[in-house]
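Visitor: According to this note's numbering, the stretch in the sequence shown is residues 901 to 1021, in order. Below you'll find the structure I mean.
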Amino acid sequence: AEFDLIHAHSFDWPAFACSTLVSDIPVVHTLHLPAVAPEINEALRVLHQQGHPLTLVTVSHACAATYASYTTIDRVIYNGLDLDAIPFNPKLPVDAPLLFAGRIAPEKGVEAAIEIAEKAG
């Protein structure tokens, strides 16, 4: 095969269902969110119950525990961030930039962060 691995970060039920059709390339799904979406939980439960082999990874044991009623989590792999490499500084320059690295979605609070930054000057 041209590729060694498919690493899916999608949080949509079709991604899980379609990956069961791929037989010549391993597929790994990383779940960054807990079991908060009923349609995804149900898809994972049905695929697990029907014996479709999914390789599922979560980013924490707490996240993995939320899927216990639906499917088996193969491994926990924490998000890689060396906190010592990013020293905390409670006093930033007034012109310090606001950086957000992640999925832009309401639950992430991006709008609130921008609003707070604007109020802070």
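All C-beta atoms in this analysis are idealised placements derived from N, C-alpha and C, irrespective of residue type, glycine included. Everything numeric in this text was worked out from a predicted model, so none of it was measured.
Smallest Cα separation from Gln950: which of Ala937, Pro938, Thr958 and Tyr970?
Guide: Position 50 of the sequence shown, counted from the first residue, corresponds to residue 950. Comparing alpha-carbon positions, the option among Ala937, Pro938, Thr958 and Tyr970 lying closest to Gln950 turns out to be Tyr970.
Visitor: Should the region 948-966 be called in touch with the region 980-988, which here means at least 3 C-beta pairs below 8 Å?
Guide: no
Visitor: Apart from the five residues on each side of it in sequence, which residues of its chain come closer than 8 Å, Cβ to Cβ, to Thr920?
Guide: Against the sequence shown, residue 920 aligns to sequence position 20. Same-chain partners within the cutoff: Leu947, His952, Pro953 and Leu954.
Visitor: Taking the straight line between their C-alpha atoms, what separation do you get for His907 and Leu981?
Guide: Here residue 907 corresponds to residue number 7 of the sequence shown, with the count starting at 1. Here residue 981 corresponds to residue number 81 of the sequence shown, with the count starting at 1. Distance between the alpha carbons of His907 and Leu981 is about 19 Å.
Visitor: Under 9 Å between the Cβ atoms of Leu998 and Val959?
Guide: As a first step, residue 998 is located in the sequence shown; it is residue number 98 there, counting from the start. As a first step, residue 959 is located in the sequence shown; it is residue number 59 there, counting from the start. It is not a contact, given that the beta carbons lie outside the stated cut-off.
Visitor: Take the Cβ of His929 as the centre, count every other Cβ of all protein chains shown within 10 Å, and call the residue buried at 16 or more, exposed below.
Guide: Translated into positions along the sequence shown, residue 929 becomes position 29. When all chains shown are included, His929 counts as buried.
Visitor: Assuming Phe903 and Ile940 make a contact with CB atoms under 8 Å, what is their CB distance in whole Å?
Guide: Counted from its first residue, the sequence shown places residue 903 at position 3. Counted from its first residue, the sequence shown places residue 940 at position 40. At roughly 25 Å, the Cβ-Cβ gap does not stay under 8 Å, so Phe903 and Ile940 are not in contact.
Visitor: Under a Cβ-count criterion, where at least 16 other Cβ atoms within 10 Å of its own Cβ denotes burial, should Leu905 be classed as buried or exposed?
Guide: On the sequence shown, position 5 is the one that residue 905 refers to. Per the 10 Å Cβ criterion, exposed.
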